[in-house]
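Counting from 1, one number per residue, gives the positions in the sequence shown under the working numbering.
Glycine is no exception: its CB is placed at the ideal position from the N, C-alpha and C atoms.
One structure is given below, encoded as structure tokens.
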Amino acid sequence: MAQAGGDELEAVKKYFNTSGFERWNKIYGETDEVNKVQLDIRKGHAMTVDKVLAWFDADAAGGAASASSSSSSSPSSPSPAIAGRTVCDAGCGTGSLTLPLAERGARVSASDISAAMVGEAERRFRQSPAAGKEGVPAPAFEAKDLESVGGSFDTVCCLDVMIHYPQDKADAMVGHLASLAERRVVLSFAPYTPALALLKRVGELFPGPAKATRAYLHREADVEAALARAGFRVTRREMTSTSFYFSRLLEAVRE
Ligand code: SAH
């Protein structure tokens with residue numbers, strides 16, 4: 001089994017159970033207790049989630065006549081083509097992707113290294129109007145690092161998690177996630193570009209109080225190579241950039 005590495009894993013877990021939880025629960029929420037930077041990140045992140053949902057919806061529309069083309073911003077309902085699909089949402093956070101996928105009928109296994117984050121995801125699901133509705137399977141929520149997730153899923157998603165790990169560890173994570181995917185892997189990462197690398201260095205010279213963990217950028221070619229080693233070929237790409245949020249999104253399917 002792939003290991004992200006002891007100290008880094010422990011530091012990330014501690015962060016997302018404490019100050020990181022406070023920070024990201026707000027960013028991934030709807031309240032106005034966010035500053036300008038956090039609001040910008042919230043919007044950027046929502047765009048990434050919407051792009052993933054649009055892929056699910058487009059595939060469903062192609063495979064089933066009655067599927068809707070809605071995204072998370074519009075009301076979603078169980079879709080015949082998504083219903084029953086198994087999805088692993090690794091590093092699910094507060095459930096930004098898990099909830100709309102469950103609303104579409106997917107059987108989601110949502111896990112996160114942070115019990116606080118995944119606990120919040122479960123709370124949000126229980127309080128959502130969709131919970132308990134016919135055709136909306138309750139996701140399986142679990143506090144677990146992705147290296148320890150087992151099983152077999154149609155699609156394995158891992159959004160905005162790799163930023164916490166250097167490339168060698170990210171390689172192992174990609175390999176492990178791919179081993180769980182029967183058909184497809186969807187993942188996002190902060191891309192390494194000269195401009196972003198510079199921004200990051202500036203950010204490190206003036207670290208904000210809330211930034212307790214390091215942020216790692218990844219070269220797309222490295223991520224793609226890790227996917228290829230696992231037998232996956234990239235089939236879709238998206239990029240989301242706002243002022244403070246940068247996320248490259250890849251879909252890869254088993255060859
Ligand atoms: N994927 C979610 C959350 C992104 S925030 C979304 O897009 O909304 C990053 C999340 O990754 C945090 O909740 C953090 O606890 C989790 N995480 C970090 N390292 C992890 C690991 N090794 N295994 C599982 N989850 C991890």
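Straight-line CA distance for residue i to residue j?
i, j, result
"S247", "S109", "23 Å"
"T235", "A221", "14 Å"
"Q127", "G91", "21 Å"
"V223", "L250", "9 Å"
"K13", "S114", "5 Å"
"M239", "K51", "9 Å"
"T98", "G44", "17 Å"
"A130", "A11", "35 Å"
"A65", "R85", "Legend: pLDDT at A65 = 44, less than 50; position of this residue unreliable, value from coordinates given subsequently. Rounded to the nearest angstrom, the two C-alpha atoms are 17 Å apart."
"L199", "E182", "37 Å"
"L195", "R201", "In the sequence under discussion, the amino acid at residue 195 is Ala, which differs from the Leu named in the question. Approximately 10 Å, taken between the alpha carbons."
"L39", "V49", "15 Å"
"T18", "A143", "15 Å"
"S179", "S96", "24 Å"
"V34", "A197", "25 Å"
"I82", "D32", "33 Å"
"G203", "T193", "15 Å"
"G62", "R237", "19 Å"
Report the CB separation of residue i from residue j in whole angstroms; it is logged as a contact under 8 Å.
i, j, result
"K125", "P139", "Sequence check: residue 125 is Phe here, not Lys. Indeed, because the Cβ distance is near 6 Å, the residues count as touching under 8 Å."
"F244", "H218", "Incorrect: roughly 18 Å between the Cβ atoms, too far for contact."
"E255", "R233", "5 Å"
"A121", "T94", "5 Å"
"V136", "P78", "6 Å"
Out of the options, point me to the one whose CA is closest to residue i's CA.
i, options, result
"A215", "L177, D32 and P166", "P166"
"A226", "E8, K43 and D168", "D168"
"L53", "E33, G84, A102 and G132", "A102"
"M162", "K43, M173 and F16", "M173"
"T155", "E147, L177 and A170", "L177"
"L187", "C158, L196 and A195", "C158"
"S148", "P137, R233, G95 and S111", "S111"
"P191", "K144, F232 and S241", "S241"
"A106", "E134, Y28 and Q38", "E134"
"A252", "G6, L146, D160 and W55", "W55"
"D89", "V37, R184 and D57", "R184"
"R104", "L146, D32 and A58", "A58"
"A170", "G150, G151, T193 and L146", "L146"
"R123", "G29, V87 and L9", "G29"
"V87", "A46, G150, K36 and G119", "G150"
I'd like the list of long-range same chain contacts for residue i, defined as Cβ closer than 8 Å, with 5 residues on each side in sequence excluded.
i, result
"F16", "W24, D112, I113, S114, A116 and M117"
"G175", "A2, A226, R229 and A230"
"H164", "E8, V12, T213, R214, A215 and Y216"
"G119", "F141 and A143"
Does the ligand ATP have a heavy atom nearer than 6 Å to the CB of residue i?
i, result
"S114", "As for the ligand ATP, it is missing from this structure, which binds only the ligand SAH."
Output needed for residue i: all residues of its chain with C-beta closer than 7 Å, excluding positions within five of it in sequence on either side, in chain order.
i, result
"F21", "S114, A116 and M117"
"I41", "I27, F244 and Y245"
"D7", "none"
"V37", "F244"
So is residue i in contact with chain D if we call contact Cβ pairs under 7 Å?
i, result
"S96", "Looking for chain D here will not work: only one protein chain is present."
Excluding the 5 residues preceding and the 5 following residue i in the sequence, name in chain order all residues of the same chain whose CB lies nearer than 6 Å to its CB.
i, result
"S74", "For S74, the predicted structure reports a pLDDT of 49, less than 50, and the residue's modelled location is therefore unreliable. A value from the coordinates is still provided. Cβ neighbours of S74 beyond the five flanking positions: none."
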